[in-house]
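There are 2 protein chains.
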Amino acid sequence: MASTTRRRSAQVGRPTTAEAGILAATRRLLVNGASFTEMGVQEICAEAGVARSTFYSHFRDKIDLILRLTTDLTGSAFETTTAWEPADGLDRLAETFENVLRIYRDQAPLRRAITEVATYDVSVREVWANELKQFTDRTIEMIRTEQKAGRAPATIDAVAVTRVVVVGGEQAIVDQATAGDPADDAVFARELAETWWYGVFRRPPG
Amino acid sequence: MASTTRRRSAQVGRPTTAEAGILAATRRLLVNGASFTEMGVQEICAEAGVARSTFYSHFRDKIDLILRLTTDLTGSAFETTTAWEPADGLDRLAETFENVLRIYRDQAPLRRAITEVATYDVSVREVWANELKQFTDRTIEMIRTEQKAGRAPATIDAVAVTRVVVVGGEQAIVDQATAGDPADDAVFARELAETWWYGVFRRPPG
DNA sequence: CTACGTCCGGACATCGCGTCCGGAAATAAG
DNA sequence: CTTATTTCCGGACGCGATGTCCGGACGTAG
Numbered sequence: 232m233a234s235t236t237r238r239r240s241a242q243v244g245r246p247t248t249a250e251a252g253i254l255a256a257t258r259r260l261l262v263n264g265a266s267f268t269e270m271g272v273q274e275i276c277a278e279a280g281v282a283r284s285t286f287y288s289h290f291r292d293k294i295d296l297i298l299r300l301t302t303d304l305t306g307s308a309f310e311t312t313t314a315w316e317p318a319d320g321l322d323r324l325a326e327t328f329e330n331v332l333r334i335y336r337d338q339a340p341l342r343r344a345i346t347e348v349a350t351y352d353v354s355v356r357e358v359w360a361n362e363l364k365q366f367t368d369r370t371i372e373m374i375r376t377e378q379k380a381g382r383a384p385a386t387i388d389a390v391a392v393t394r395v396v397v398v399g400g401e402q403a404i405v406d407q408a409t410a411g412d413p414a415d416d417a418v419f420a421r422e423l424a425e426t427w428w429y430g431v432f433r434r435p436p437g
Numbered sequence: 232m233a234s235t236t237r238r239r240s241a242q243v244g245r246p247t248t249a250e251a252g253i254l255a256a257t258r259r260l261l262v263n264g265a266s267f268t269e270m271g272v273q274e275i276c277a278e279a280g281v282a283r284s285t286f287y288s289h290f291r292d293k294i295d296l297i298l299r300l301t302t303d304l305t306g307s308a309f310e311t312t313t314a315w316e317p318a319d320g321l322d323r324l325a326e327t328f329e330n331v332l333r334i335y336r337d338q339a340p341l342r343r344a345i346t347e348v349a350t351y352d353v354s355v356r357e358v359w360a361n362e363l364k365q366f367t368d369r370t371i372e373m374i375r376t377e378q379k380a381g382r383a384p385a386t387i388d389a390v391a392v393t394r395v396v397v398v399g400g401e402q403a404i405v406d407q408a409t410a411g412d413p414a415d416d417a418v419f420a421r422e423l424a425e426t427w428w429y430g431v432f433r434r435p436p437g
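Note that the protein sequences, when read in sequence, are chains P and D.
When we follow the working numbering, the leftmost residue of the first sequence carries the number 232, and every step to the right adds one.
When we follow the working numbering, the leftmost residue of the second sequence carries the number 232, and every step to the right adds one.
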């Protein structure tokens with residue numbers, strides 16, 4: 232419980248508070264390739280130079296920790312992608328994916344951890360699905376607009392194709408960011424952009 | 232150690248051996264929506280009506296169990312997809328995806344469990360990646376063939392676009408199979424097929 | 001009957017989790 | 001300086017799950 236009469240310690244604090252230390256240590260361990268599921272609280276605390284009991288006075292459990300970490304990557308990638316719209320054209324779409332890929336490379340370990348936990352924990356899965364939802368909604372809207380303007384075939388099922396685009400695209404980007412060579416990022420981004428462009432937004436009329 | 236003088240029991244055996252019982256029980260629990268990571272050995276044995284010690288005389292640990300389960304879905308989906316080739320055209324591709332979706336719906340719980348464990352266990356991840364590899368290799372080959380025949384643009388980077396197609400496509404199918412309405416399967420399959428067809432195999436020349 | 005293989009049931013050590021508490025250290029208020 | 005308050009340490013505790021081990025029951029094949 233925070234005091235009402237005192238300001239919280241470490242106001243501009245050099246002596247990094249334990250909570251921030253734990254967050255940073257976890258990120259560090261993830262960057263080093265550790266699996267979040269398999270790393271213990273003990274291990275995290277050792278890396279943070281903090282007592283194990285201190286961990287539990289800041290986080291309810293490991294799920295709470297990963298959820299707190301999730302907050303850090305709100306926006307960024309989503310903002311980048313949602314800035315693009317069909318009128319910007321194919322080249323700008325490829326550029327957008329290249330930027331997203333850059334962001335994903337930075338955040339890769341953390342994103343990996345989140346999807347990792349999301350596969351078996353409901354609360355994390357829900358948080359993550361919600362992050363994707365805003366993106367899904369926007370894509371559906373964009374496709375419908377293109378259809379009304381006659382630039383995309385009216386026969387496209389916007390909802391179904393959005394599943395292909397968002398779910399599939401996200402996974403492909405994650406895969407490239409984790410397993411692919413950074414030198415190939417530009418080529419990959421271009422291919423992803425062209426596939427979507429000619430396969431969806433400018434698909435030839437049936 | 233198996234006897235050399237006696238044949239192994241249960242040769243055609245009705246009295247279902249404990250091992251098969253455990254395998255079946257695990258599958259049953261997965262179908263009921265349980266998370267493999269979160270279900271204990273105790274739980275599995277209770278469902279199988281088997282002593283916990285018996286589990287360990289058949290499986291080294293839970294990873295061994297999931298690996299043994301993986302064997303069950305060799306082929307099937309892969310065989311179905313690799314049967315298709317570009318000469319068969321768009322309609323047949325849509326049909327193929329519909330079939331794959333049917334298979335995935337049957338195997339969904341097991342596949343979910345495997346990808347679940349694959350996110351944090353190396354051995355499972357390797358086995359799974361190897362399953363996908365044969366599919367990846369074939370796709371790259373198909374695209375190159377189309378390029379040589381002048382039916383697909385020579386500018387396509389076969390390796391990069393295959394990542395988009397295989398990794399992204401697999402995930403989209405899994406998502407539709409787990410979260411999508413079965414009634415929408417045909418529409419989804421059609422959209423996936425058209426996206427690939429016009430976005431990759433028959434992408435307009437740059 | 002005997003040898004063998006399979007399974008049960010329970011004991012055991014071990015480990016990680018989450019809780020709890022007394023006390024040290026640092027810091028701000030009086 | 002003294003005191004109150006916050007933060008953290010360090011360790012104890014109970015709990016549940018893991019993986020190992022063993023004695024013995026049971027059925028079956030020689």
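Even glycine gets a Cβ: it sits at the ideal position worked out from N, Cα and C.
Every value quoted in this text rests on a predicted model; they were computed, and no experiment measured them.
What's the C-alpha gap between residue i and residue j?
| i | j | result |
| --- | --- | --- |
| Gln338(D) | Ile345(D) | 11 Å |
| Phe419(P) | Asn361(D) | 22 Å |
| Gly411(D) | Ala282(P) | 45 Å |
| Gln365(P) | Val358(P) | 12 Å |
| Ala349(D) | Val397(D) | 17 Å |
| Trp428(D) | Glu310(P) | 30 Å |
| Gly264(P) | Val390(D) | 25 Å |
| Glu422(D) | Ala314(P) | 25 Å |
| Val395(P) | Asp295(P) | 31 Å |
| Ala233(P) | Tyr287(P) | Low confidence applies to Ala233(P): its pLDDT is 26, below 50, so where it sits in the model is not reliable, and the reading given next is rough at best. About 16 Å. |
| Arg237(P) | Ile297(P) | Because Arg237(P) carries a pLDDT of 34, less than 50, the predicted location of this residue cannot be relied on, and the following value inherits that uncertainty. Roughly 30 Å separates the two Cα atoms. |
| Ala424(D) | Met270(P) | 41 Å |
| Phe290(P) | Thr268(P) | 16 Å |
| Ser307(P) | Val262(P) | 19 Å |
| Ala438(P) | Ala417(P) | No answer is possible for residue 438(P): the residues shown for chain P start at 232 and end at 437. |
| Phe328(D) | Pro413(D) | 13 Å |
| Lys379(D) | Asp322(D) | 23 Å |
| Leu363(D) | Asp368(P) | 30 Å |
| Gln441(D) | Asp352(D) | In this structure chain D extends from 232 to 437, so residue 441(D) is not present and cannot be described. |
| Glu278(D) | Glu250(D) | 13 Å |
| Thr248(D) | Arg336(D) | 28 Å |
| Asp303(P) | Leu304(D) | 39 Å |
| Lys293(D) | Arg343(D) | 15 Å |
| Thr409(D) | Thr370(P) | 21 Å |
| Pro435(D) | Asn330(P) | 25 Å |
Taking the Cβ atom as the reference point for each residue, do residue i and residue j lie within a distance shorter than 9 Å?
| i | j | result |
| --- | --- | --- |
| Asp415(P) | Gln402(P) | no |
| Arg382(D) | Pro340(D) | no |
| Ile275(P) | Thr301(P) | no |
| Gly252(P) | Gly280(P) | yes |
| Pro384(D) | Gly430(D) | no |
| Ile404(P) | Leu332(P) | yes |
| Phe453(D) | Glu372(D) | A query on residue 453(D) cannot be resolved here, the shown segment of chain D reaching from 232 to 437 and no further. |
| Ile374(D) | Val392(D) | yes |
| Thr426(P) | Thr426(D) | yes |
| Ser284(P) | Glu347(P) | no |
| Arg299(P) | Leu260(P) | no |
Give the secondary structure of residue i by DSSP, where H, G and I count as helix, E and B as strand, and everything else as coil.
| i | result |
| --- | --- |
| Met270(P) | coil |
| Gly252(P) | helix |
| Ala389(D) | helix |
| Gly264(P) | coil |
| Gly411(D) | coil |
| Ala403(D) | helix |
| Gly430(P) | helix |
| Arg369(D) | helix |
| Ala383(P) | coil |
| Glu422(D) | helix |
Original post:
What are the start and end residues of each continuous alpha helix (DSSP H) run of 4 or more residues lying completely inside the segment 275-363 of chain D, in chain order?
Top reply: 283-287, 293-301, 308-313 and 320-349
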